[in-house]
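Take a look at the structure below.
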Amino acid sequence: MDYQDLVKVKKDRIRVSRGKAARRGKTAGRGMKGTKSRSGGKLPTMFSGDSLPYYRKARSLGGFKNRNSIVYQVVNLSDINAAFDDGKKVTIKQLLKKGLVRKNNLVKLLGNGKIEKKIELTVNAASKTAIQKIEKAGGKVTIK
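For what it's worth, our numbering labels the leading residue of the sequence shown as 7, then goes sequentially.
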């Protein structure tokens with residue numbers, strides 16, 4: 007294998023041509039007028055045209071995110087009704103196996119949908135409507 011026979015990984019840069027008959031014609035692919043058409047025409051790194059640059063805009067974006075907020079994964083009654091059989095004891099591990107929740111997150115049960123099965127659930131949190139619907143169907147909710 008010779009050095010000159012290797013396939014180039016990086017293409018050669020097309021040099022700005024001189025004259026109309028050259029490779030890229032009169033303006034050499036630079037357009038008509040403006041900073042980028044002229045020699046040495048480079049814009050500053052943080053330049054963003056007409057709008058306010060991000061580094062100046064970021065100051066006014068502000069906001070606050072509570073570090074102590076608890077974020078739950080949501081499971082609805084309709085999902086549980088479809089995934090589990092009647093008379094089952096359902097834990098977070100079983101929800102994970104069925105693909106209803108992701109690993110290492112707290113689980114909250116919400117009352118969206120109907121439940122016709124008698125199920126005993128163990129979750130981290132549950133809404134009042136979800137608890138009422140499960141107890142009405144003959145099941146039980148345990149919050150750990």
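Backbone N, C-alpha and C fix where the C-beta goes; we use that ideal spot for every residue, glycine too.
By the three-class DSSP mapping on this structure, what secondary structure does residue i have?
i    : result
I149 : strand
L83  : helix
T128 : strand
L58  : coil
L12  : coil
L112 : strand
Taking just the CA atoms, how far does residue j sit from residue i?
i    : j    : result
L83  : E126 : 12 Å
S43  : D56  : 19 Å
A34  : L12  : 29 Å
K114 : S66  : 35 Å
V96  : K63  : 49 Å
Y9   : K17  : 16 Å
M52  : G46  : 17 Å
L101 : S133 : 17 Å
K14  : Y61  : 39 Å
A28  : R19  : 15 Å
R24  : M7   : 37 Å
Which residues share a DSSP beta bridge with residue i?
i   : result
K95 : E126
Please look up how many angstroms separate the CB atoms of residue i and residue j, rounded, as I've assumed it's under 8 Å.
i    : j    : result
L112 : Q79  : 7 Å
L58  : V81  : Actually they are not in contact, since the Cβ atoms of L58 and V81 sit about 43 Å apart, beyond 8 Å.
K26  : K32  : 5 Å
K123 : F90  : 7 Å
I149 : A131 : 6 Å
N87  : I140 : Contact doesn't hold; Cβ gap of about 10 Å is too wide.
Taking the beta carbon of residue i as the centre, do at least 16 other beta carbons fall within 10 Å, making it buried, or is it exposed?
i    : result
V129 : buried
V77  : exposed
F70  : exposed
V147 : buried
D92  : exposed
G68  : exposed
G145 : buried
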